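Colleague: Okay, here's the structure, questions in a sec.
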Ligand SMILES: *Cc1c(COP(=O)(O)O)cnc(C)c1O
């Protein structure tokens, strides 16, 4: 899907992991999290200035360092596992192991690769690796529209992400509107 940037993708993707396509849950986040999953696991070295876009879905970040920490941190409250692509080498858990751990516990993994892209094979590298969601910013390496981006991944999660954002009203992402020129611009950037 084409979100209004990678930060909007982080929000829509997190909302998808928390509320899915459930209309009532979609309406309630972030102020009434009753019965919803409220934790996102992240490596300490992957904390960054964009995770507010995740937290504004009503979740808290749970920091871990090792794979053993991560396995201890997993619980019924875990909604998602977030990975910051550019910091792959700074964390003890590298991308492939992170995906394996997500699959082991059935928790969706989200790779923020916003600043990455060229060559174009990189666009699908992380979804092929097994990440459930991957985002790119439109105006960085892809050289597309500044106020657009890409959110790629599992069909059911992309469907849910779209339900949680504009043009659907009463959603956490309603403010993240994308105009049709940007949609087409993003397509052109991917094709060229
Ligand atoms: C730039 C960036 C974002 C935000 O991207 P926008 O498309 O401007 O919303 C998110 N995450 C990372 C890692 C970034 O570098």
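Residue numbers (our numbering): -12 to 179.
Virtual Cβ for every residue (Gly too), placed ideally from N, Cα, C.
In this text the structure is predicted, and so the values were computed from the model without any measurement.
(1) Whose C-alpha, out of 125, 1, 64, 98, is nearest the C-alpha of residue 170?
(2) Which residues in the same chain have their Cβ closer than 8 Å to the Cβ of residue 33, if we skip the five residues on either side of it in sequence?
(3) CA-CA distance, residue 100 and residue 137?
(4) Residue 174: which of 14, 131, 38 sits nearest, CA to CA?
(5) Among 111, 0, 30, 156, whose alpha-carbon lies nearest the alpha-carbon of residue 54?
(6) For ligand 1, is there a heavy atom less than 8 Å away from the beta-carbon of residue 97?
(7) Buried or exposed: residue -7, going by 16 or more other Cβ atoms within 10 Å of its Cβ?
(8) Work out the CA separation of residue 162 and residue 14 for me, nearest whole Å.
(9) How would you call residue 47, buried or exposed, if buried means at least 16 neighbouring beta carbons within 10 angstroms?
Modeller: Checking against the coordinates, here is how it stands:
(1) 125
(2) 69, 70, 71, 74, 77, 78
(3) 10 Å
(4) 131
(5) 30
(6) no
(7) buried
(8) 14 Å
(9) exposed
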